[in-house]
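In my numbering, the protein residues as written are 36 to 165. Heads up, the beta-carbon is just placed ideally off N, CA and C, and yes, glycines get one too. Comments concern the structure below.
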């Protein structure tokens, strides 16, 4: 094989990045134009990747006509990342240690954002408990 191959899942990740960069649904040609490197995948390859992403529930196909098909992600990058983190947490035997180690690696800014996100929830939980 040539040196132009991508790591497994890298092409799907790049396609998703391009979709998240667009506000509206986009076609395969627009996705093709969104590649940052010189290794732009063939149109048919992109259609195959988009079909796989659709089967995984990551994108939806919007067809105005058989020749005018567009795609959009089913969730934001943040929603995907949050679900992935939760999945890892649920798969661990020691949630407390996992959370502590995660927190140890947060920047001050990230820790502050997390504290803000938890604050309203903590207030609501205290009201329910009291």
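Exposure of residue i, with buried meaning 16 or more beta-carbon neighbours within 10 Å
i, result
"residue 71", "exposed"
"residue 95", "exposed"
"residue 134", "exposed"
"residue 155", "exposed"
"residue 141", "exposed"
"residue 105", "buried"
"residue 49", "buried"
Which of helix, strand or coil DSSP assigns to residue i
i, result
"residue 104", "strand"
"residue 95", "strand"
"residue 61", "strand"
"residue 113", "helix"
"residue 48", "helix"
"residue 71", "coil"
"residue 42", "coil"
"residue 118", "helix"
Check: residue i C-beta below 8 angstroms from any heavy atom of the ligand MN
i, result
"residue 57", "Looking at this structure, you won't find the ligand MN or any other ligand, since it has none at all."
Whole-Å CB distance - residue i paired with residue j, under 8 angstroms assumed
i, j, result
"residue 130", "residue 124", "6 angstroms"
"residue 82", "residue 65", "Residue 82 to residue 65, Cβ: 13 angstroms. No contact."
"residue 25", "residue 46", "Because the chain is modelled from 36 through 165, residue 25 falls outside the range shown and cannot be assessed."
"residue 54", "residue 107", "7 angstroms"
"residue 69", "residue 86", "Between residue 86 and residue 69 the Cβ distance is about 18 angstroms, and since that is not below 8 angstroms, they are no contact."
Span of the alpha helix (DSSP H) around residue i
i, result
"residue 84", "78–90"
- Could you give the uninterrupted runs of the beta strand (DSSP E) lying entirely in the segment 122–151, keeping only those of 3 residues or more? Runs found: none.
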